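Trainee: Numbering (the numbering used here), first residue to last: 366 to 779.
Think of the CB as a built atom: it goes at the ideal place given N, C-alpha and C, for glycine as much as any other residue.
Source: prediction; values computed, not measured.
Have a look at this one.
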Ligand code: EPU
């Protein structure tokens with residue numbers, strides 16, 4: 366429940382990146398020695414990944430934001446349906462399990478609210494590395510009894526977790542793997558940094574071509590993951606949409622240049638007073654700006670819904686184009702219920718503003734859609750009640766406590 370109309374003031378600290386934590390946890394399956402990870406956000410998707418590791422036989426010790434994984438003994442090279450159905454990123458264990466055990470059985474994820482999201486590219490990449498795969502009874506079974514071998518892999522389409530999955534397989538493959546048209550997301554770079562600390566030989570992470578020279582074994586390591594760029598962006602928009610003055614700390618501005626550019630063009634005052642901190646001031650006069658989602662370093666699809674909430678408060682028409690997922694506008698009808706003027710035409714949404722938002726009962730359809738409704742609630746007059754807000758707990762750590770700490774009148778009612 367949010368009582369809108371309060372400008373946010375003060376400071377909010379960013380947590381570690383969920384989408385970095387997921388692959389680095391999966392990477393722990395690649396070694397028999399313990400790996401110590403810091404800054405792991407205790408959000409629901411992370412708990413799911415920890416359960417997947419435990420199912421495989423790893424020992425997972427959680428101490429606040431430090432997680433130690435000891436995968437000395439892998440008993441089940443498997444990701445069961447009951448876990449995969451709650452989180453698509455479960456497919457991240459496919460590459461490491463085949464590389465370490467020579468086989469894996471991973472439930473095929475179904476579609477989700479934002480699109481079909483197949484994993485055909487992960488599987489095709491593993492086949493290039495010599496795995497024999499088949500799909501049966503809703504599971505992908507992959508086998509490479511004599512180990513994987515290096516190969517050239519060209520991704521037909523840029524895929525973030527596909528790149529990560531293949532990178533984790535390639536580090537233990539015999540010979541050289543070249544991944545072309547690789548994702549350049551900071552989370553891919555973070556994963557590569559951990560793998561290098563574990564003894565892997567990787568060049569080019571963060572560019573479209575990643576070269577990996579396989580090694581026979583990896584060892585334990587310690588690694589603190591990067592700050593969450595999507596959480597950072599969400600808080601910056603919270604500062605702007607509420608007309609507040611907010612310092613977002615513990616972030617990495619380099620990772621969200623596309624959003625920072627958009628905010629500046631929209632007239633939001635934003636500066637970097639010290640390294641790793643961004644100050645945002647909403648002065649109430651916003652201009653409409655178009656945005657098209659793209660792979661990194663383009664404008665992130667994971668910030669599209671939040672940006673749309675902001676554009677409802679801007680003067681003029683904003684065209685927001687979604688290029689990554691086919692069905693990621695589920696927040697638009699809910700924002701419309703709050704008074705926004707949004708027209709969907711295929712892959713684009715046309716937001717006419719500014720509109721006065723008024724609090725209403727709305728339903729969250731997925732993680733980032735939930736965040737956009739929270740943002741709209743901060744700007745709306747009166748009370749907004751968001752149903753199914755549990756989606757937000759998959760990726761935001763204590764979002765209501767963080768926002769309340771900056772003055773928002775927000776609380777969880779159930
Ligand atoms: N795709 C295929 N085949 C594949 C893989 C992907 O056709 O084998 C398509 C997808 O359907 C999609 C496009 O390629 O249309 C890009 O998908 P990608 O594989 O890059 O997405 P992902 O790896 O499943 C990650 C993030 C998402 C984020 C996307 C895009 C993680 C754990 N998840 O998903 O994060 O939206 O990249 O940047 O890293 C979120 O955090 O809310 C979230 C959805």
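Apply the 10 Å Cβ neighbour rule to residue 616 and answer buried if 16 or more other Cβ atoms are within range, or exposed otherwise.
Mentor: buried
Trainee: By the 10 Å Cβ neighbour count, where 16 or more other Cβ atoms means buried, how is residue 536 classified, buried or exposed?
Mentor: In the assembly as shown, residue 536 is a buried residue. Its beta-carbon has 16 or more other beta-carbons within 10 Å.
Trainee: If residue 559 sits next to residue 425, beta carbons under 8 Å apart, how far is it from one beta carbon to the other, in whole angstroms?
Mentor: Between residue 559 and residue 425, the beta carbon gap of about 16 Å keeps them out of contact (Cβ cut-off 8 Å).
Trainee: Given 7 Å as the limit, tell me if residue 598 has its C-beta closer than that to any heavy atom belonging to the ligand EPU.
Mentor: no
Trainee: Using only the heavy atoms of the ligand EPU, determine whether one of them is closer than 7 Å to the beta carbon of residue 602.
Mentor: no
Trainee: Going by C-alpha to C-alpha distance, which of 739, 609, 624, 584 sits closest to residue 595?
Mentor: 624
Trainee: Would residue 528 pass as an interface residue toward chain B - the criterion being a Cβ-Cβ separation below 8 Å?
Mentor: In summary, chain B is missing from the structure at hand, where a single protein chain is found.
Trainee: If distances are taken between C-alpha atoms only, which option among 755, 423, 672 comes closest to residue 396?
Mentor: 423
Trainee: Sorry if obvious, but does the Cβ on residue 525 come closer than 7 Å to a heavy atom of the ligand EPU?
Mentor: yes
Trainee: Which residues in the same chain have their Cβ closer than 7 Å to the Cβ of residue 759, if we skip the five residues on either side of it in sequence?
Mentor: 408, 409, 410, 732
Trainee: Would you mind stating whether residue 627 and residue 591 have Cβ atoms separated by less than 8 Å?
Mentor: Going by C-beta atoms, residue 627 is not nearer than 8 Å to residue 591.
Trainee: Return the first residue and the last residue of the beta strand (DSSP E) that residue 466 is part of.
Mentor: Run containing residue 466: none in the beta strand (DSSP E); it sits in the alpha helix (DSSP H), 459-466.
Trainee: Should residue 740 and residue 606 be called a contact, given that it needs their Cβ atoms to be closer than 8 Å?
Mentor: yes
Trainee: In terms of DSSP beta bridges, what is residue 469 paired with?
Mentor: When DSSP reads this structure, residue 469 sits in a beta bridge with 507.
Trainee: Quick one: is the Cβ of residue 690 within less than 7 Å of any heavy atom of the ligand EPU?
Mentor: yes
Trainee: Report the start-end ranges of each alpha helix (DSSP H) in the stretch 513-585 that is 4 residues or longer and not cut off at the edges.
Mentor: Those alpha helix (DSSP H) runs which fall completely within the stretch 513-585 and span 4+ residues are 525-535, 551-562.
Trainee: Anyone know if the C-beta pair for residue 682 and residue 715 falls short of 8 Å?
Mentor: yes
Trainee: Go ahead and pull the three-state DSSP assignment for residue 646.
Mentor: DSSP, reduced to helix, strand and coil, places residue 646 within a strand of the structure shown.
Trainee: Closer than 7 Å by C-beta to residue 699: which residues in its own chain qualify, once you throw out the five before and the five after it? Chain order, please.
Mentor: 727, 728, 738
Trainee: Looking at the ligand EPU, does it come within less than 7 Å of residue 406, judged from the CB to the closest heavy atom?
Mentor: no
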